[in-house]
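Peer 1:
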Amino acid sequence: MTATGLIDTARRLVGAGKGLLAMDESNGTCNKRFADVGIEQTEEARRAYRELIVTTPGLGDSISGAILYDETIRQQTSNGTSFIKILCEAGIIPGIKVDIGAKDLAGRPGEKITEGLDGLRDRLKEYAGMGARFAKWRAVITLGDGLPSRGCIEANAQTLARYAALCQEAGLVPIVEPEVLMAGAHTLERCGEVTQETLHSVFKHLYTQNVMLEGMILKPNMVLPGLLNPKQASVDEVAEATVKILLRTVPAAVPGIAFLSGGQPAELASARLNAMNLLAKSPASLLPWPLVFSFARAIQQPALEIWRGEEARVVAAQDALRHRAHSNWKALQGDYSAAMELA
Ligand code: 13P
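End of the sequence shown sits at 591 in this note's numbering; the numbers just go up one at a time, nothing left out.
#1: Using 8 Å as the threshold, is the stretch 328-343 in touch with the stretch 297-309, meaning 3 or more CB pairs across them?
#2: Return the CA-CA distance between residue 434 and residue 325, expressed in angstroms with no decimal places.
#3: Could you say which of 584, 582, 589, 573 lies nearest to residue 340 if we only look at CA atoms?
#4: Helix, strand or coil for residue 479 per DSSP?
#5: Check whether the Cβ atoms of residue 493 and residue 471 lie closer than 9 Å to each other.
#6: Any chance the CB of residue 520 is under 8 Å from a heavy atom of the ligand 13P?
#7: Look up residue 366 in the DSSP assignment and say whether it is helix, strand or coil.
#8: Contact between the stretch 412-425 and the stretch 282-296: three or more CB pairs below 8 Å?
#9: With 16 as the cutoff for other CB atoms within 10 Å, does residue 508 come out buried or exposed?
#10: Near residue 303, which residues of its chain fall below 8 Å by C-beta distance, leaving aside the five closest residues on each side in sequence?
#11: Would you mind giving the Cβ-Cβ distance between residue 343 and residue 314, rounded to the nearest angstrom? I have them listed as a contact below 8 Å.
#12: Are the Cβ atoms of residue 524 and residue 490 separated by less than 9 Å?
#13: If you compare alpha carbons, which of 481, 558, 286, 521 is closest to residue 578?
#14: Comparing the CB of residue 569 with every heavy atom of the ligand 13P, is any distance shorter than 8 Å?
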């Protein structure tokens, strides 16, 4: 794909007033989410659940792209139609998670490095041949006593940049996801400092590896206090802190920013996204990029809890999934309100 093709795909993903659905849980993560709600952990259960998601009527009204996992991209509905085909017919661009997970970083106790660069060029070629148009790689940065280290931030930022360069070579738009985790007792300000340092490092390495910023998407965390901090922040404080850090670190050439949800309650993630888009709409706003969503849990979790593996509950689960997708779509216009939530 040419540079123009990459730019066009990136704009269709983040510049069309819609967001992304992450349904790219690895088998291990998917099984864990299933176990938590009492669903059997089999390949068939994972396939049936992903079929429920991709066949949800009207999903394409609010979702521009869906991120799949290696097992899922090869799967089909029960009547034999590939998930890729179903998504494309719904107007949803298929993408693929290509990292193979965060592993312990040698020499840096308590910190992680995301792996998956070995053989990536060949895997990207295969996924592009199957119809994927974009990819995703998640790096995690842990906060704690003396953490994160410079070594962890730099190693992950360089790895993200090498992944992004390989994606663009293969004609896939890279979603670059450096996630500063919510776990811990840190303050909102500390999350802001670490997010700022991480994003600076990521964009320095993207530049060093010659990644075309116009043909990529940033998927950051929102700036939040740690889950264990008794002083939680208001929706507006989160929105202001997040926008401030992004303005300081993300070049205007990037076509859009798509947030991860990181385990936030679904309705709170919608409210925070809404507040950021209200800031973006204010006359004094300097924001050069659309702020959209690329949520997994904050879109899927209510549907998963309704489904619980039962055929009879598929339609109710699809209603819940569409409702969360629609709520987040409303948040992109600053039109989301708690009153939209089902009783
Ligand atoms: P969450 O929205 O559940 O954080 O997942 C997004 C994602 O893609 C994580 O890699």
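The beta-carbon is built from N, C-alpha and C at its ideal position, and this holds for glycine as well.
Peer 2: Reading off the structure:
#1: They touch, by the three-pair rule.
#2: The sequence position of residue 434 within the sequence shown is 186, counting from 1. The sequence position of residue 325 within the sequence shown is 77, counting from 1. Approximately 44 Å between the Cα atoms of the pair.
#3: One-based indexing of the sequence shown puts residue 340 at position 92. Of the candidates 584, 582, 589, 573, the one whose C-alpha sits nearest the C-alpha of residue 340 is 573.
#4: Residue 479 sits at position 231 when you count from the first residue of the sequence shown. The three-state secondary structure of residue 479, taken from DSSP, is coil.
#5: As a first step, residue 493 must be located in the sequence shown, where it is residue number 245. As a first step, residue 471 must be located in the sequence shown, where it is residue number 223. Cβ atoms of residue 493 and residue 471: closer than 9 Å.
#6: As a first step, residue 520 must be located in the sequence shown, where it is residue number 272. No - the ligand 13P has no heavy atom lying nearer than 8 Å to the Cβ of residue 520.
#7: Start at 1 with the first residue of the sequence shown, and residue 366 comes out as number 118. For residue 366, the secondary structure class from DSSP, reduced to helix, strand or coil, is coil.
#8: No, they do not touch.
#9: Sequence index remark: in the sequence shown, residue 508 carries index 260 (1-based). Residue 508 should be labelled buried.
#10: Looking up residue 303 in the sequence shown gives position 55. Same-chain partners within the cutoff: 325, 334, 566.
#11: Your numbering for residue 343 matches position 95 in the sequence shown. Your numbering for residue 314 matches position 66 in the sequence shown. Yes, residue 343 and residue 314 are in contact; Cβ-Cβ is about 7 Å, under 8 Å.
#12: Reading the sequence shown from its first residue, position 276 is the one you call residue 524. Reading the sequence shown from its first residue, position 242 is the one you call residue 490. Yes, these two residues count as a Cβ contact at 9 Å.
#13: Counting from one through the sequence shown, the residue named residue 578 turns up at place 330. Residue 578 has its Cα closest to that of 521, out of 481, 558, 286, 521.
#14: As a first step, residue 569 is located in the sequence shown; it is residue number 321 there, counting from the start. It does not: the Cβ of residue 569 is nowhere closer than 8 Å to a heavy atom of the ligand 13P.
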